[in-house]
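A short worksheet on the structure shown next.
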Amino acid sequence: MEDDTGEKSSFIVGLIENRAKELHFTFLSILRRAAHTQNTKTLLNFYDPMVIIVTPTKLAPDGMVGVSELVDRFCSSTTKVMMARSCFDDTRGAVLVKNLAAKEPSALGLDTYYKQYYLCLAAAAATIKWIEAEKGVIITNHSLSVTFNGSFDHMNVDATRTRLLRANLLQPLKDIDTINARLDCLDELMSNEQLFFGLSQALRKFPKETDKVLCHFCFKQRKVTNGVLAIDNSRKSQILISSIILLKTALDALPLLSKALKDATCFLLRNVYKSICANEKFTSMRERIGDIDEDVLHARVPFVARTQQCFAVKAGIDGLLDIARRSFCDTSEAIHNLANKYREDFKLPNLKIPYNNRQGFYFSIPQKDIQGKLARKFIQVIKHGNNIHCSSLELASVS
Numbered sequence: 001m002e003d004d005t006g007e008k009s010s011f012i013v014g015l016i017e018n019r020a021k022e023l024h025f026t027f028l029s030i031l032r033r034a035a036h037t038q039n040t041k042t043l044l045n046f047y048d049p050m051v052i053i054v055t056p057t058k059l060a061p062d063g064m065v066g067v068s069e070l071v072d073r074f075c076s077s078t079t080k081v082m083m084a085r086s087c088f089d090d091t092r093g094a095v096l097v098k099n100l101a102a103k104e105p106s107a108l109g110l111d112t113y114y115k116q117y118y119l120c121l122a123a124a125a126a127t128i129k130w131i132e133a134e135k136g137v138i139i140t141n142h143s144l145s146v147t148f149n150g151s152f153d154h155m156n157v158d159a160t161r162t163r164l165l166r167a168n169l170l171q172p173l174k175d176i177d178t179i180n181a182r183l184d185c186l187d188e189l190m191s192n193e194q195l196f197f198g199l200s201q202a203l204r205k206f207p208k209e210t211d212k213v214l215c216h217f218c219f220k221q222r223k224v225t226n227g228v229l230a231i232d233n234s235r236k237s238q239i240l241i242s243s244i245i246l247l248k249t250a251l252d253a254l255p256l257l258s259k260a261l262k263d264a265t266c267f268l269l270r271n272v273y274k275s276i277c278a279n280e281k282f283t284s285m286r287e288r289i290g291d292i293d294e295d296v297l298h299a300r301v302p303f304v305a306r307t308q309q310c311f312a313v314k315a316g317i318d319g320l321l322d323i324a325r326r327s328f329c330d331t332s333e334a335i336h337n338l339a340n341k342y343r344e345d346f347k348l349p350n351l352k353i354p355y356n357n358r359q360g361f362y363f364s365i366p367q368k369d370i371q372g373k374l375a376r377k378f379i380q381v382i383k384h385g386n387n388i389h390c391s392s393l394e395l396a397s398v399s
């Protein structure tokens, strides 16, 4: 989830314990049970949350250290939010998880695990309530991946667990069905060169940030107001356009993937084909993005990405947007003309005009090309490796 405050983490944690000293917490999409303080501390360090939501109670019923005090000791740099215990409603949490989970409640085993993980559901209720109130978004139904199995991506490493970790590195997978499915897939890829090279070519077309985009579309604004069009929301608009372009790039790659997997026979690849390539929803999604220009593709270079965002929507749909594009082109042309002028006036043939999101346009001059002192016209001079990065008042006025 994109956060305007520039927080280093995207996790919101809800933390609660009961009289039996059972400790449960929710990482928005991960419901985890932990009965040991050290394990709790490890998970909190692992996810490095931006906010931890707890009940106001400092001490446990038996007088021992409570959850709130635990957070103060081990996560003092993380924002702690205290919510009333009534917000930790397990019944409400169960309803929310059923509505928001991507899988059916029966597949989650929610009816079976409800009593066992009631504290997890209570923490989930408080976490989701805080997100909707504080962030002003509504989590769309069937968009979250939920598990009651906990997180297996961490380990408390002490002397004993160091030996266990060393053993696990050499310990193979034990699930026979999974092993056989993977081996069948490997056999088919090794024996069918057309499938192997076709699949390799198709996967190169997919963007690397697909998971990030899928997460972006899980949230929507509670209300759409005129404030969305304000200058302060331009960053959100850029992110949304970039995500739509990224989604379009992924959808455009599906036909090639479908062609590669169409004749696959192994169980694993057939499942991928049925669940992704043969899914009609992706075709309708591609049609919905019809206003995006066909030539627009996802780009990682900042200026190319900004240009793609500016020219993403087809011409003629919005007159004001067409005028803004003309202004964008004129500004870009003026900046490059200024760079050409400086190359001739100051005898700097290798002067470049790079762009990044933080600085915008700036000059990059190889240090070997500078004879004596740099002209006084250049300002904000910074040495960067073998190059000099700088700007000028003319560049600032144009850009």
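Position 15 of the sequence shown, counting from 1, maps to 15 under full-length UniProt numbering, and the rest follow consecutively. Heads up, the beta-carbon is just placed ideally off N, CA and C, and yes, glycines get one too. Here the structure is a predicted model, which is why all the values come from computation and not from measurement.
Counted as a single uninterrupted DSSP element, the beta strand (DSSP E) harbouring Met82 occupies residues 79-82.
In the DSSP secondary-structure assignment, Asn387 is bridged to Pro366, His384. Under the three-state reduction of DSSP, Asn340 is assigned to helix.
Leu256 is positioned such that its CB atom lies closer than 9 Å to that of Gln201. It is roughly 9 Å from the alpha-carbon of Cys75 to the alpha-carbon of Lys41.
Secondary structure note for Ile128: its alpha helix (DSSP H) is the uninterrupted segment 118-135. Burial of Cys87 is indicated by the presence of at least 16 other C-beta atoms within 10 angstroms of its C-beta.
The Cβ atoms of Leu254 and Val272 do not sit closer than 9 Å to each other. Contact between Leu268 and Cys329 is ruled out by a C-beta separation of about 48 Å, above the 8 Å threshold. When the beta-carbon positions are compared, Asp90 and Leu119 come within less than 9 Å of each other.
Judged by their CB atoms, Leu321 and Val313 are nearer to each other than the 9 Å cut-off. Burial of Val71 is indicated by the presence of at least 16 other C-beta atoms within 10 angstroms of its C-beta. Our two residues, Ile245 and Ile139, have alpha carbons roughly 22 Å apart in a direct line.
With 16 or more other Cβ atoms inside 10 Å of its own Cβ, Pro49 counts as buried. The beta carbons of Ser145 and Ala94 sit no closer together than 9 Å.
In the DSSP assignment, Ile52 falls outside any alpha helix (DSSP H) and lies within the beta strand (DSSP E) extending over 51-54. In the DSSP assignment, Gly372 falls outside any alpha helix (DSSP H), carrying neither H nor E.
Rounded to whole angstroms, Lys341 and Phe206 show a C-alpha spacing of 41 Å.
Inter-residue distance for Arg92 and Leu43 is about 25 Å (C-alpha atoms, whole angstroms). Secondary structure at Val97: helix, using DSSP grouped into helix, strand and coil.
In this structure, DSSP gives Phe361 an extended state, which the three-state scheme calls strand.
For Glu193, the uninterrupted alpha helix (DSSP H) segment begins and ends at 193-204.
Taking the Cα of Thr79 as reference, the smallest distance to any Cα among Val54, Leu100, Arg85, Asn99 is reached at Val54.
For Ala396, the enclosing alpha helix (DSSP H) starts and ends at 393-398. A direct Cα-Cα distance of roughly 29 Å separates Lys208 from Val97. Taking C-alpha positions only, Ala278 is separated from Ser258 by approximately 8 Å.
Per DSSP, reduced to three states, the secondary structure at Asn45 is helical.
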